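Heads up: the protein sequence lines correspond to chains V and H, in order.
In terms of this note's numbering, the first sequence is residues 115 to 267.
In terms of this note's numbering, the second sequence is residues 341 to 446.
Every residue, glycine too, gets a C-beta built ideally from N, C-alpha and C.
As the structure is a prediction and not an experimental result, all values here were calculated from the model.
Heads up: the structure comes next, in C-alpha cells.
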Amino acid sequence: MITRRIFLLFGLVAGTARAQLPPNIGEIRKKALDDAVRKVVGNHPVREGRVKLDLPPLIDNGNTVPLSVEVESPMTEADHVKAIHVFTERNPQPYVLTAHLGPRAGRARISTRARIADTGIVMAIAELSDGSFWSGSVKVIVTLSACLEEGLI
Amino acid sequence: MSRVVVNVPAEAKRGEVIEIRTLAGHPMETGFRRTQLGELIPRDIIRSLVCTYNGVEVFRADLHPAVAANPLISFTTVATESGTLEFRWSGDNGYSATLSAAIKVV
C-alpha cells in the first residue's frame, strides 16, 4: 500500500535523480551521438538502407537487450562489409560495439546483447569496402533502464 | 576466473557459412555505477574479442560498457579448411582468456 509518506519519498528520490543531470542533457546526448558517428564516418555521407537492425521495440529490461544487425552484401573480395558499428542515443556513452568483418565472414550478420539506458534511438552503421556508409536505426521504448537504480541514466 | 565458451559446428561442408557463438563470463562493470556510499565503481570490461581461423584473423570486435554482462557475440565465417579456430578475449585489469575449437571440413 502506498501511504502519503512513501509517495512523498518517491517524489524526493525522483527529484534528486533529475537534479544530477544538466538541464540540456537531451542536446548533449544528441551531440555525443553525432560526434561518435562523425568519428567513424568522417566527412562521408551516411545513407539509410541496406542495414537491418533487429531488436525488440519494447524493452522490459534494459540490462540485456538482444540485438542483431544484418547488412545486405554479397561479401566477396570486391564488395564486402568492413565494419559494423552500433550506437545508442541515450546511454552515458554512445558506443555499444564495433565488429570488424571481411570477405571470409560469408554473411554480414552479427548479434549480441546490449545495455540500453533510456527510450531513444539505436543506430547501426555499416562501413563497406567501397568506402560508403549505410545506416539503419530503430526507436525503442525502455521500461526498466540499464542504470536507473543509481539515478544515473 | 575466466570462464568462456564457444559454439562451433564440429563438421561443415567446404564453403558453407557457419555461425559461431561466443560467450564470456564477465560482469562488464560500466564505470558509471556508484556504491551506496557514492563512490564510483571503476570500469572493468572486456575490450576486444579476436577470432582467428588457422592463424588468419576472420573476426574482431571492440566492446564498450554498453555491452551487457556476460557478453554474447555471434558472427559467421566460411568453412574453408579443417583446422582450429582460436578465440581471444582481452580487457581491463589484465583480463585475458583464450579458447580454441577444432573444425572438420568435408
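Rounded distance between the beta-carbons of alanine 401(H) and threonine 202(V), thought under 8 Å = By one-based count along the first sequence, residue 202(V) stands at place 88. By one-based count along the second sequence, residue 401(H) stands at place 61. That pair is no contact at about 16 Å.
Grouping DSSP H, G and I as helix and E and B as strand, with all else coil, what is valine 165(V)?
-> On the first sequence, residue 165(V) is found 51 positions in, with the first residue counted as 1. Valine 165(V): strand per DSSP, three-state reduction.
Identify the continuous beta strand (DSSP E) that holds valine 390(H) and give its terminal residues.
-> Here residue 390(H) corresponds to residue number 50 of the second sequence, with the count starting at 1. Run containing valine 390(H): 386-393, per the beta strand (DSSP E) assignment.
Using a Cβ-Cβ distance under 8 Å, would valine 154(V) count as near chain H?
-> Taking the first residue of the first sequence as position 1, residue 154(V) is located at position 40. Taking Cβ atoms only, chain H never reaches closer than 8 Å to valine 154(V), which makes this a no.
Indicate the three-state DSSP secondary structure (helix, strand or coil) for asparagine 175(V) in the structure shown.
-> Taking the first residue of the first sequence as 1, we reach residue 175(V) at position 61. The answer is strand: DSSP assigns asparagine 175(V) an E or B state.
Determine whether the Cβ of threonine 257(V) lies closer than 8 Å to any Cβ atom of chain H.
-> Your numbering for residue 257(V) matches position 143 in the first sequence. Answer no: the Cβ-Cβ gap between threonine 257(V) and chain H never drops below 8 Å.
Run the CB neighbour count on valine 165(V), radius 10 Å, all protein chains shown included, and call it buried at 16 or more, exposed below.
-> To locate residue 165(V), count along the first sequence from 1; it is residue 51. So valine 165(V) counts as buried.
As assigned by DSSP and simplified to three states, the class of glycine 434(H) | Taking the first residue of the second sequence as 1, we reach residue 434(H) at position 94. Helix at glycine 434(H).
Given that threonine 417(H) touches chain V, what residues does it touch there, using C-beta distances under 7 Å?
-> Residue numbering aside, residue 417(H) sits at position 77 when the second sequence is read from its first letter. Near threonine 417(H) (Cβ distances below 7 Å), the residues of chain V are Arg218, Ala219 and Gly220.
Determine the direct distance from the alpha carbon of cysteine 391(H) to that of threonine 416(H), and round the result to whole angstroms.
-> Within the second sequence, residue 416(H) is the residue found at index 76, counting from 1. Within the second sequence, residue 391(H) is the residue found at index 51, counting from 1. Cα to Cα, threonine 416(H) sits roughly 11 Å from cysteine 391(H).
Looking only at DSSP bridge pairs, what is arginine 354(H) linked to?
-> One-based indexing of the second sequence puts residue 354(H) at position 14. DSSP, once it has assigned bridges, lists no residue as partnering arginine 354(H).
Evaluate serine 440(H) with the Cβ neighbour count: other Cβ atoms within 10 Å of its Cβ, from every protein chain shown; 16 or more gives buried, anything less gives exposed.
-> In the second sequence, residue 440(H) corresponds to position 100, counting from 1. The residue is exposed, with fewer than 16 neighbouring Cβ atoms inside 10 Å.
From the DSSP output, in three-state form, read off serine 182(V) for me.
-> Counted from its first residue, the first sequence places residue 182(V) at position 68. DSSP places serine 182(V) in strand when its eight states are reduced to three.
With a cut-off of 8 Å, do at least 3 Cβ pairs link the region 187-197 of chain V to the region 365-385 of chain H?
-> no
With DSSP collapsed to three states, give me the class of leucine 266(V).
-> For this step, residue 266(V) is matched to residue 152 along the first sequence. In this prediction, leucine 266(V) has a pLDDT of 44, which is less than 50 and means its spatial position is unreliable; nothing more can be read from the coordinates.
Jot down the residue ranges of each uninterrupted beta strand (DSSP E) in the region 237-261 of chain V, minimum 3 residues, whole runs only, in chain order.
-> 247-258
Determine the burial state of glycine 140(V): buried for a count of at least 16 other Cβ atoms within 10 Å of its Cβ, exposed for fewer.
-> Stepping through the first sequence from its first residue, residue 140(V) is reached at position 26. Classification of glycine 140(V): exposed, given that the 10 Å Cβ count is below 16.
Please report how far the alpha carbon of leucine 169(V) lies from the alpha carbon of alanine 197(V), in whole angstroms.
-> Reading the first sequence from its first residue, position 55 is the one you call residue 169(V). Reading the first sequence from its first residue, position 83 is the one you call residue 197(V). In a straight line, the C-alpha of leucine 169(V) is about 19 Å away from that of alanine 197(V).
Return the CA-CA distance between valine 185(V) and serine 388(H), expressed in angstroms with no decimal places.
-> To locate residue 185(V), count along the first sequence from 1; it is residue 71. To locate residue 388(H), count along the second sequence from 1; it is residue 48. The straight-line gap from Cα to Cα measures roughly 22 Å.
Test item: CB-CB of leucine 425(H) and valine 348(H) under 8 Å | Here the question's residue 425(H) lines up with position 85 in the second sequence. Here the question's residue 348(H) lines up with position 8 in the second sequence. Yes; because the gap between Cβ atoms is below 8 Å, this pair is in contact.
Below 8 Å between beta carbons: does that hold for leucine 167(V) and alanine 238(V)?
-> Your numbering for residue 167(V) matches position 53 in the first sequence. Your numbering for residue 238(V) matches position 124 in the first sequence. A contact, by the Cβ cut-off of 8 Å.
Leaving out the 5 sequence neighbours to the left and right, which residues in its chain are closer than 6 Å to arginine 361(H) when beta-carbon positions are compared?
-> The residue given as residue 361(H) occupies position 21 in the second sequence. Counting only Cβ-Cβ distances below 6 Å, and skipping sequence neighbours, we find Asn347 and Ser414.
Since valine 200(V) contacts isoleucine 230(V) with CB under 8 Å, what's their CB separation in whole angstroms?
-> Along the first sequence, read from residue 1 onward, the residue named residue 200(V) stands at position 86. Along the first sequence, read from residue 1 onward, the residue named residue 230(V) stands at position 116. Not really, about 11 Å apart at Cβ, beyond 8 Å.
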